[in-house]
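Visitor: The structure under discussion is supplied below as structure tokens; questions concerning it will follow.
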Amino acid sequence: MSALYYPFARTIPEPGVPMDVAPGIKWLRMPLPFALDHVNLWMVADNDGWCQIDTGLTWEPIKEIWRQLFQTHKLTRQMVTHYHPDHVGLAGWLHQEKGLELWMTQGEYLTAQAVAEGSGSYDVDSMVELFRHHGLDRRRLDTLKRRGNIYRVGVPLLPPVFRRLFDDQVIRIGWHDWRVIVGYGHAVEHAGFYCEALKVLIAGDMLLPSISTNIPVVAPNQYDNPLKLYLDSLQRYRSLPEDTLVLPCHGRPFVGAHKRVDFLEEHHRNRCNIILEAIRDPRTACELLPVLFDWGELDAHQLMFAMGESIAHLNYLEAQNRVKRIEDQMAGIVRFQIA
1 MSALYYPFAR TIPEPGVPMD VAPGIKWLRM PLPFALDHVN LWMVADNDGW
51 CQIDTGLTWE PIKEIWRQLF QTHKLTRQMV THYHPDHVGL AGWLHQEKGL
101 ELWMTQGEYL TAQAVAEGSG SYDVDSMVEL FRHHGLDRRR LDTLKRRGNI
151 YRVGVPLLPP VFRRLFDDQV IRIGWHDWRV IVGYGHAVEH AGFYCEALKV
201 LIAGDMLLPS ISTNIPVVAP NQYDNPLKLY LDSLQRYRSL PEDTLVLPCH
251 GRPFVGAHKR VDFLEEHHRN RCNIILEAIR DPRTACELLP VLFDWGELDA
301 HQLMFAMGES IAHLNYLEAQ NRVKRIEDQM AGIVRFQIA
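If you read the sequence shown in full-length UniProt numbering, its first letter stands for residue 1, the second for the next number, and so on.
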């Protein structure tokens, strides 16, 4: 695959300092207290102010950056790509502080509510039980359980009402029309935004330049096939012009969406082949972690993502009848083997 083109390769904005990347579009880079140490937010000129795309995590250093930005930038509304804390975390706070209306897909808004409240199988105990079923040991299960509802820490408040975004909906922001492109697999109903006039795609987490998007199975949908949903969603980006400027939520803006789709398809094919080599004897999703993630000891944050993605690849292969599920009813553990 040819290399992607990074038009701002030599320039990364300082945290909280908006940088122009296209006419009427600013790049706002916010810090995160994780190994993934930043999230990119986007400001789009909107008549007499700025439409804010994503909000950042609820974290005092980010709030302080916003307080400084309020002095120089008027925000008109907020649109959120998906329910993860680094994207929607401060939506409720921005609504309280500045009265900003929230625009979001219904699937993402309702999922944010469910996870924040720990409703039904969106609670920590259900996640822990899912991972136990897939072979995770008691020590690491206890670590995840002790963390509690970490989502609620990052998303303590959501606006009580929202405007619903729909796939292929066209929204006027300032001088330009933007089309909503809904994608699946990473989140429930992830919204991206494409402006044909500017040839700019605000991709959220669906299309990242240097890391692969996390594709998890979650407890309420434990037999789901999010990897197929994600790979199918990627095909929509092939219809965009080759020279589209992609604005991702992690990493640098880039040109080369088609090349990146090619790479991600090959990446997941390779991961599936690695799994098929590893499970000639029955293996749990947990036993595949060292095979899929050569990261050393996983912290609790990484472990949650890694377990969800390991299960996702196994469900994908099972749906293709390439592996079979073996249930140990006595132990309550599931293993997979070549079909």
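From the three backbone atoms N, C-alpha and C, an ideal C-beta is built for every residue, glycine too.
Bear in mind that the values here come from a model prediction, so they are computed numbers and not experimental data.
On the three-state DSSP scale, how would you describe M104?
Guide: strand
Visitor: Compute the beta-carbon to beta-carbon distance between H82 and E117, rounded to the nearest angstrom, for a pair I have assumed lies under 8 Å.
Guide: The C-beta distance from H82 to E117 rounds to 18 Å, too long to meet the 8 Å contact threshold.
Visitor: Identify every residue that forms a DSSP beta bridge with C195.
Guide: DSSP, once it has assigned bridges, lists V200 as partnering C195.
Visitor: Which residue marks the beginning of the beta strand (DSSP E) containing R172, and which one marks its end?
Guide: First-last of the beta strand (DSSP E) with R172: V170 to I173.
Visitor: Out of L157, N47, W175 and S212, state which residue places its alpha-carbon closest to the alpha-carbon of G185.
Guide: S212
Visitor: Figure out for me which residue from H133, D46, L317 and D299 has the closest Cα to the Cα of M330.
Guide: H133
Visitor: Looking at R335 and R283, is the spacing between their C-beta atoms short of 7 Å?
Guide: yes
Visitor: With a threshold of 16 other CB atoms inside 10 Å of the CB of H87, please say whether the residue is buried or exposed.
Guide: buried
Visitor: Could you please give the first and the last residue of the uninterrupted beta strand (DSSP E) stretch that includes L158?
Guide: Looking at the DSSP string, L158 is not in any beta strand (DSSP E), and its letter there is neither H nor E.
Visitor: Going by C-alpha distance, which of E97, E101, K74 and E64 is nearest residue 425?
Guide: No answer is possible for residue 425: the residues shown for the chain start at 1 and end at 339.
Visitor: Might you give, ordered along the chain, the residues of its own chain that have their beta carbon closer than 6 Å to the beta carbon of C195, omitting 5 neighbours on each side?
Guide: H176 and W178
Visitor: Quick one: Cα of L234 to Cα of G183, how far?
Guide: 8 Å
Visitor: Please list, in chain order, all residues of the same chain as F34 whose beta carbon is under 7 Å from its beta carbon, the five residues on each side excluded.
Guide: H301
Visitor: Can you name, in chain order, every residue of its own chain whose Cβ lies under 8 Å from the Cβ of P241, other than the five neighbours on each side?
Guide: Answer for P241: K199, listed in chain order.
Visitor: Return the CA-CA distance between M1 and L208, expressed in angstroms with no decimal places.
Guide: Any reading at M1 is ruled out, since the residue's pLDDT is 43, under 50, leaving its predicted position unreliable.
Visitor: Compute the distance between the beta-carbons of A203 and V261, then report whether it is under 7 Å.
Guide: no
Visitor: Classify L4 as helix, strand or coil using the three-state DSSP reduction.
Guide: coil
Visitor: Using the DSSP secondary-structure output, state which residues sit across from H176 in a beta bridge.
Guide: I173
Visitor: Please say whether T105 and L36 have beta carbons closer to each other than 7 Å?
Guide: no
Visitor: Going by beta carbon distance, what residues of the same chain come within less than 7 Å of V217, once the five residues before and after it are set aside?
Guide: D224, P226, G308, I311, A312 and N315
Visitor: Give me the Cα-Cα distance between R146 and D125, rounded to the nearest whole angstrom.
Guide: 10 Å
Visitor: Three or more beta-carbon pairs under 8 Å between the segment 249 to 261 and the segment 5 to 13, yes or no?
Guide: yes
Visitor: Keeping to the same chain, check which residues put their C-beta closer than 6 Å to that of T58; ignore five residues upstream and five downstream.
Guide: G89, L90, G154 and P156
Visitor: Start and end of the alpha helix (DSSP H) containing L57?
Guide: Counting along the chain, L57 falls outside any alpha helix (DSSP H), and DSSP gives it neither H nor E.
Visitor: Does DSSP classify D123 as helix, strand or coil?
Guide: Correct three-state label for D123: coil.
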